[in-house]
Each structure stands twice: as C-alpha cells, then as structure tokens.
Amino acid sequence: MATIALEHLSYTYQTAQTPIFEHVTAKFPAHQFTLLTGPSGTGKSTLLQLMAGLLPLPADHGHICYDQTQLQNISAPDRSKRVAMMFQNPNQQFAMDTVEHELIFALENQRTDPHIIHHRLTSALDFIGIRELQHRLLNQLSGGEKQKVALAVIVAMDSDVILLDEPFASVDPDARVSLLRRLVELRDQRGKTIILADHDYAGYDQIVDHVLQITPTHQVVELSRSDWPAFFAAFQPQTLPAWFLPVPVDQPLFALHQVGLRQGQHELVRPTDLQLHAHRNTLITGANGTGKSTLFEALVRLNPYSGTINYDGHDIQKLRRKRYARHVALLFQDAEAQFFNITVAEELAQSQKYAYGDYFTPTRIQSALTQLNLAGRDEQVIYTLSEGQKKKLQILLMLIMQSPVLLMDEPLKGLDLSSIHALVKLLQTVQAATQQTLIIISHQLTGLTPLIDYHLRLADHQLQYVGEVRHES
Amino acid sequence: MNPSLKLLLLLIVALEISFTTIVSLNVALVILAGIYLLAKRVKLRTLLWLLIVPLIPAIGLWSTQYINGTGQKELMAWVLFTRIYAFVFTGATLTLTTDVLELTDSLEQNCHLPAKFAYGVLAAYNLAPKIKHEVQVIRAAGLMRGQTLSFWSPQLYFKAILISITWSQNLAQAMASHGFVEDAPRTHYRKVRVRPVDWGLLIGGIILLQLGVFVMPWH
Chain A
15 MATIALEHLS YTYQTAQTPI FEHVTAKFPA HQFTLLTGPS GTGKSTLLQL MAGLLPLPAD
75 HGHICYDQTQ LQNISAPDRS KRVAMMFQNP NQQFAMDTVE HELIFALENQ RTDPHIIHHR
135 LTSALDFIGI RELQHRLLNQ LSGGEKQKVA LAVIVAMDSD VILLDEPFAS VDPDARVSLL
195 RRLVELRDQR GKTIILADHD YAGYDQIVDH VLQITPTHQV VELSRSDWPA FFAAFQPQTL
255 PAWFLPVPVD QPLFALHQVG LRQGQHELVR PTDLQLHAHR NTLITGANGT GKSTLFEALV
315 RLNPYSGTIN YDGHDIQKLR RKRYARHVAL LFQDAEAQFF NITVAEELAQ SQKYAYGDYF
375 TPTRIQSALT QLNLAGRDEQ VIYTLSEGQK KKLQILLMLI MQSPVLLMDE PLKGLDLSSI
435 HALVKLLQTV QAATQQTLII ISHQLTGLTP LIDYHLRLAD HQLQYVGEVR HES
Chain B
4 MNPSLKLLLL LIVALEISFT TIVSLNVALV ILAGIYLLAK RVKLRTLLWL LIVPLIPAIG
64 LWSTQYINGT GQKELMAWVL FTRIYAFVFT GATLTLTTDV LELTDSLEQN CHLPAKFAYG
124 VLAAYNLAPK IKHEVQVIRA AGLMRGQTLS FWSPQLYFKA ILISITWSQN LAQAMASHGF
184 VEDAPRTHYR KVRVRPVDWG LLIGGIILLQ LGVFVMPWH
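From first to last, the protein sequence lines are chains A and B.
With this note's numbering, the residue at position 169 of the first sequence is 183, and numbering never jumps.
With this note's numbering, the residue at position 37 of the second sequence is 40, and numbering never jumps.
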C-alpha cells in the first residue's frame with residue numbers, strides 16, 4: 015500500500031545554520047514496523063513532521079514519496095487517509111472535549127458518511143479496547159489513556175501509514191505494552207506501515223522489522239540485522255549501585271502522611287507515609303507516566319494530593335506561598351518555564367538579586383559559566399540557545415538562588431556526557447559549601463550516581479526506598 | 004431554540020436596550036429570562052448568584068448616576084440598575100442552557116462560519132482549564148526565582164503568550180493530523196437544523212421587544 019521513500023532530502027531550520035538532513039535517501043517499506051532512532055535533538059520529530067506533511071518541504075530540497083506519488087501532490091484532504099501522526103505530548107493533540115467528539119471530528123474531516131460514523135468510531139474504540147472511555151472528558155484521562163485514544167482516532171481514520179513521535183514519554187509501562195501490542199496487530203492484521211521514533215529502545219528488538227538511525231553526519235541509515243544485538247544490549251536497564259536505606263528521624267525535611275496522587279480517575283500513587291531527608295541527595299526513579307513529576311508538583315503545591323505534607327514540621331498548605339517558594343524550589347523539566355528575561359546576563363542578574371545565600375559571588379558565577387561552557391554568551395537571547403545550553407543555564411540560575419531545597423525534574427535531559435560531568439562536578443562543589451538538599455528525578459543515571467545518597471523508587475503505585483540496611487559499626 | 008438564532012435575538016435585545024431608557028422593559032426581560040431559565044431547570048442556586056454578583060456594579064452605577072447625574076437623575080439611575088440585570092439574565096439564557104459544541108455546530112452549519120474559526124474557538128475553550136494551571140505554574144516558577152508576578156505583571160503575560168504560541172502550533176498540527184483542512188468540505192454527524200419554529204421565536208421575540216419599547220413603555 016505505501017512504501018515511503020526519501021529522495022535526496024535536505025532540511026535546515028530557518029533559525030539554525032547547520033542542516034538537520036543533508037541529501038538523505040532512505041526507504042520505509044510498506045506493511046512493516048520501523049524504529050527510528052537517534053539521540054534527542056537530532057531531528058527525529060522534524061523528519062516525522064516532514065513525512066506527515068505537517069512541515070512544508072521547500073522546493074529543491076528533495077522529495078518524499080508515498081509509493082510513486084510525491085507527498086506534495088497528494089491533496090490535503092486525502093492525506094489523512096495516507097498518513098496520520100501520534101505526538102509525544104498527549105495533552106496537545108485533541109481539539110474537542112470528549113473522546114467521542116474527537117473521533118467524530120476526525121471522521122467528519124475525512125468526509126465520512128454520517129450514517130457510518132457511529133459504527134466506525136465504536137469499532138475503533140473496541141479494537142483498542144477502550145470502549146468504556148467513549149463519553150469521558152479528555153482532560154480527565156491519564157497519559158496512557160490519552161495515547162490510546164490518539165491511536166483509536168488513527169484506527170478510525172484508517173490511515174495507511176502511522177507515524178509515532180516518542181509516543182510513550184508519559185505513558186506507564188502497562189499502557190506502553192498494550193499500545194505496542196495494538197501496533198503489531200495493526201501491522202499484521204491490517205497491513206499498516208508503522209514508523210516509531212524513540213530514544214529508549216528497550217523491548218523493540220522482538221517487534222520491529224527495521225531500525226533506522228539518524229547519524230551525526232545528518233544521514234538516515236539502516237542498521238543491519240547483525241548489529242542489532244550489540245545495539246539493543248546497550249539499552250538494557252542499568253544496574254544501580256546499592257545505596258543505604260535512610261534511617262527514620264524525628265524531624266525530617268519532608269514528612270508525607272498518607273499522601274496519595276491521582277490523575278483524573280487514575281490512581282498514580284497509593285496513600286503512603288514517607289520521609290525525605292535534609293542535606294542528603296535523593297534520587298527518584300520509576301517508569302514513564304508513573305507520577306514522579308506529579309509528586310514534585312504536589313511538593314510545591316502545584317497539584318492537589320490527598321493526605322498531608324509537612325515541610326520542616328509545618329503543613330505546606332499553611333505556609334505562605336512566597337516564603338515557601340524561597341525554601342523549596344523546583345527545576346522544571348521544561349527549561350523555558352524558568353526564564354523570565356531576554357538575555358543570559360539579565361537572567362543571571364535576576365538570580366543574583368534575589369539569591370537566598372551569598373555563595374555565588376560574581377567570580378564564582380563566571381567560573382561556573384566557564385565550567386559549563388556557557389561563558390561569553392551574556393548578551394545572547396536565551397530563546398536562541400540550544401536545548402542543552404538552556405538546560406545548563408536553567409540549572410545554574412536555580413543554583414544561584416540557593417534555596418535550601420531544590421527539586422530537580424530530569425536535570426540531565428538532552429545533555430551530552432561532558433556537560434553531565436561538568437554539571438555534577440559543579441553540583442558537588444556547591445553542595446560541599448552550602449549543604450543544599452537535592453531531590454532528583456532522572457532516567458539518565460550515567461555520571462549522576464556519585465551525587466546520590468538515597469534511592470526512592472516509584473513502581474506499582476508504591477513509593478518506597480530501595481537499598482541495603484545500614485548496620486551500626 | 005436554534006443556538007445561532009438565539010444568539011442573534013439576544014444581540015438584538017442587547018443592542019436595543021442599550022439605546023432605550025425604559026425600566027419596565029428591562030424588568031420584563033429579567034422576568035422573562037428568569038422564567039425561561041427556570042423552565043430549563045437551571046439550579047436555583049445559580050439564579051441566586053446571577054442576582055447577587057451583578058449587585059455590586061449595579062449599585063455602583065445607580066449611585067454614580069443618582070449622585071452625579073444630570074437631568075432625570077432618579078430615572079436614569081434605575082434604568083442603569085435594571086439594564087445590568089437585563090444584560091446578565093438574557094446573556095445567561097444562552098450561556099447556561101446552550102452547549103458550546105451545539106453553538107459551534109450551529110455557527111458552522113447554519114451561519115456558514117468558516118470551520119477553522121469555529122473549531123479554533125472550541126479548541127481554545129477546551130484548553131481553558133490547562134491555561135489556568137499554566138498560569139499557576141508561571142507564577143510559582145517566578146516565586147522560585149524571587150519574583151512575584153501579580154495579575155497585572157507584563158512578564159506574566161509575556162510568558163503566557165510565549166506558551167500559547169507553542170500550544171497553538173501544536174494544536175494546529177494535531178488538527179491537521181486528524182484530517183482537518185482549512186476550507187475543505189466536511190460532513191456533519193450532529194445535524195443542526197433551523198426549523199420554522201426557530202424563525203417564529205426569533206420574529207416573535209423581536210416583535211414583542213418592539214411592543215415593549217414603543218407601545219407600552221413605563222419609564
């Protein structure tokens with residue numbers, strides 16, 4: 015039905031100098047499952063958007079062909095029958111309020127006969143196994159449920175080619191397994207062509223037919239079967255060092271009493287008692303979509319929770335917002351959320367002005383900038399920094415603030431190894447002097463482990479410490 | 004009643020009472036709207052709120068006019084007082100009894116409003132709860148960097164605009180990927196018709212309004 019061929023494809027973002035793709039020629043065979051890989055920031059999303067026709071390809075930049083037809087020659091209303099895309103962020107792919115309305119919207123767009131719309135939508139929901147969600151509000155679904163709905167829409171539209179852009183970023187492991195099973199069924203029973211981009215390759219080797227890699231030289235190459243074992247072995251779960259279990263204390267930094275977290279009707283964390291400890295660094299791990307970020311949002315009062323959370327002996331709901339924010343700060347996953355000015359120098363000045371401690375003198379800031387390879391960018395507009403530079407700047411800004419507690423949500427996301435080492439070294443130096451408490455959510459553990467004292471794991475709706483009991487000597 | 008015709012009738016009513024100074028007309032409109040809302044089983048609590056909330060601006064207008072007005076001070080004070088309530092109650096007959104989706108369908112199918120506009124507004128409406136949370140996140144992020152962002156702070160709006168630009172791009176992509184194409188014909192699963200009775204209600208309503216304005220006004 016649809017083999018997709020890229021012919022001499024080149025693409026450069028308007029704001030960037032270096033191209034993302036240079037004369038790429040590659041083929042995605044019909045009725046097969048292809049995994050598209052490459053580190054974050056190499057252009058996986060861009061390639062999928064180009065293939066879906068969501069980003070226009072300028073003339074003389076090569077061709078994208080579905081069978082023999084060039085994508086730009088397929089009329090816009092017919093495109094959705096050829097190709098559909100599922101996005102990374104489940105919150106921004108629906109225009110309507112309920113599951114049913116979204117499916118109807120998509121089918122109406124395809125000019126489906128109104129008499130068969132009801133049948134098409136119920137059979138799509140049945141295929142994915144989510145008939146019970148038909149009348150639910152999309153806002154109240156969990157990440158995994160939303161992605162299932164997104165797939166149901168694609169099934170209802172009956173598109174030949176299904177593109178998925180890191181679809182499991184906020185999906186819990188059970189939902190991920192069930193979604194992957196449906197994708198395999200779509201390939202085997204309905205002959206769909208599936209192209210999935212991901213940076214976590216665990217579990218794909220049993221399922222996919224092809225693996226394509228985006229290389230540092232802006233090419234797309236197929237990984238030969240013989241290289242698969244080595245490639246997938248590198249992504250086996252890392253074994254973590256065994257840290258010690260914390261010893262319960264009378265005055266912990268945070269005391270959680272029967273704290274439970276929900277997302278709509280979906281339970282994330284079962285009510286639990288827990289202590290978090292001052293002047294120690296705690297690592298929180300757990301699969302996507304299990305509620306780690308929601309826990310952080312609860313700790314800074316951005317998300318409702320059941321039970322009580324005490325900070326330093328006081329219920330955080332009774333503390334004044336302004337005062338509490340000076341004590342407990344959150345490093346958001348999205349770096350831009352933390353920027354409030356235009357240039358790097360302005361951001362640094364703001365953090366210095368309001369800093370809680372005086373560790374970061376101008377000299378120390380300058381040396382930290384050099385250490386993080388950010389020096390000499392004072393007048394640069396922050397929104398033109400690369401994602402990695404934004405992340406490093408964001409971390410430095412929050413460190414300068416010297417709030418006694420810093421919650422860090424995926425601080426290493428998108429950083430290369432040398433940046434990670436520089437950053438961890440900076441964190442260690444700062445911490446030795448300031449005794450700041452760090453609580454860190456991270457998937458990326460390479461280089462981070464020397465910093466960690468305790469390990470909290472969130473799995474099966476349970477939040478608990480893992481490690482060895484410390485024996486008094 | 005057909006949502007588009009209802010909207011049209013309410014716009015005519017609002018326009019006309021803005022240019023008249025008839026207390027009896029305003030009061031009659033409030034009573035009629037109140038009866039309509041009760042018939043549509045709107046909760047008494049909600050009706051009570053509709054009475055209480057406009058009281059502050061209504062009293063404000065009344066006293067301003069009564070103290071500082073010229074000419075027929077007392078009449079104008081009561082006109083303004085009742086006009087606020089007439090606006091609120093007639094408006095409520097649309098907002099409390101008509102589903103946004105129904106109105107969108109009707110605007111698209113009966114008034115031939117471009118689908119882009121109809122669904123764009125609907126998508127924005129459905130994003131509203133997320134926007135509220137996002138504003139909280141921006142303010143919290145500000146506090147964590149030592150900056151209090153009040154509701155009139157330009158930085159709050161600068162951030163909110165940056166975020167909405169990203170969202171609108173994502174949403175446009177999502178709609179395109181669900182087969183939406185600007186100005187392309189679509190089919191309609193939920194049919195909204197304009198029945199003769201809808202026209203009758205619109206014309207009857209307009210005639211009734213003219214009776215209130217020209218035939219039996221009590222100032």
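Glycine included, every Cβ here is placed at the ideal spot set by N, Cα and C.
Tell me whether A:Met65 is buried or exposed, calling it buried when 16 or more other Cβ atoms sit within 10 Å of its Cβ.
buried
When the Cα of B:Val140 is compared with those of A:Leu68, A:Asp326 and A:Val314, which residue comes out closest?
A:Val314
Would you mind stating whether B:Gly182 and A:Pro128 have Cβ atoms separated by less than 9 Å?
no
From the DSSP output, read off the bridge partner residues of A:Leu452.
A:Asn295 and A:Leu420
Rounded separation between A:Gly303 and A:Trp257 - CA only:
25 Å
Taking B:Ala187 as the query, report the chain A residues whose CB atoms sit under 7 Å from its CB, ordered along the chain.
Ala90 and Pro91
Verify the CB distance criterion: does A:Gln124 have a CB-CB separation below 9 Å to chain B?
yes
Hey, does B:Pro132 have any beta-carbon neighbour from chain A nearer than 9 Å?
yes
Going by DSSP in three states, A:His469 sits in which element: helix, strand or coil?
strand
Between A:Pro376 and chain B, is any beta-carbon pair separated by less than 9 Å?
no
Any C-beta of chain B within less than 8 Å: which residues of the region 308-340 of chain A qualify?
Val314, Arg315, Leu316, Arg335, Lys336, Ala339 and Arg340
Taking 9 Å as the cut-off, decide whether the C-beta atoms of A:Ser94 and A:Asn123 are in contact.
yes
Give the single residue among A:His435, A:Phe47, A:His485 and A:Ala382 whose Cα lies nearest to the Cα of A:Asp202.
A:Phe47
Note down, in chain order, each residue of its chain lying with its Cβ closer than 6 Å to the Cβ of A:Ile298, except the 5 sequence neighbours on either side.
Lys306, Ile455 and Leu470
Check the DSSP bridge columns for A:Phe47 and list the partner residues they point to.
A:Ile208
Indicate whether the contact test is met: 3 or more Cβ pairs, each with one atom in the region 448-462 of chain A and one in the region 405-419 of chain A, closer than 8 Å.
yes
Rounded to whole angstroms, what's the CA-CA distance from A:Pro425 to A:Gln347? Just pull it up for me.
7 Å
Could you tell me whether any Cβ in chain A is nearer than 9 Å to the Cβ of B:Asn5?
no
Report yes or no: do three or more beta-carbon pairs, one from the region 71-91 of chain A and one from the region 161-168 of chain B, lie closer than 8 Å?
no
Chain-ordered residues of the region 135-158 of chain B with a beta carbon less than 7 Å from chain A:
Gln139, Val140, Ala143, Ala144, Gly145, Leu146, Met147, Arg148, Gly149, Gln150, Thr151 and Gln158
When you compare the CB positions of A:Leu275 and A:Ala312, do they come within less than 9 Å of one another, or not?
yes
Which residue comes first and which comes last in the beta strand (DSSP E) that contains A:Asn324?
Ser320 to Tyr325
Exposed or buried, which one is B:Gln68 when buried takes at least 16 other CB atoms within 10 Å?
buried
If you check the beta carbons only, do A:Met100 and A:Leu155 fall under 9 Å apart?
no
Under 7 Å between beta-carbons, which chain A residues line up against B:Phe22? List them in chain order, please.
Here the premise fails: no neighbours, minimum Cβ distance about 38 Å.
With a CB to CB cut of under 7 Å and the five nearest residues on each side skipped, what residues in its chain are close to A:Phe141?
Val169
Ignore the nearest five residues each way along the sequence and tell me which others in B:Ala36's own chain have a CB closer than 6 Å to its CB.
Phe92, Thr93 and Thr96
Please go through the same chain and pick out, in chain order, the residues whose beta-carbon is closer than 8 Å to the beta-carbon of A:Arg284, but skip the five residues on each side of it.
Gly274, His475 and Gln476
Starting from A:Arg93, trace the alpha helix (DSSP H) in both directions and tell me its first and last residue.
Ala90 to Arg96
Short CB-CB distance (under 9 Å) between A:Lys404 and chain B:
no
Residues of chain A with CB under 8 Å from B:Asn173, in chain order?
Phe101, Asn103, Gln106 and Gln107
Of all the options A:Thr207, A:Gln331, A:Leu20 and A:Ser173, which has the alpha carbon lying nearest to the alpha carbon of A:Leu49?
A:Thr207
Do A:Gln102 and A:Ala189 have their beta-carbon atoms positioned less than 9 Å apart in this structure?
no
Beta-carbon separation (whole angstroms), A:Leu270 vs A:Ile330, contact threshold 8 Å:
That pair is no contact at about 10 Å.
Do we get a CB-CB distance below 9 Å when we pair A:Gln277 with the residues of chain B?
no
C-beta atoms of B:Tyr194 and B:Gln112 nearer than 9 Å:
It is worth fixing the name first, because residue 194 of chain B is Lys in this sequence and not Tyr. Yes; because the gap between Cβ atoms is below 9 Å, this pair is in contact.
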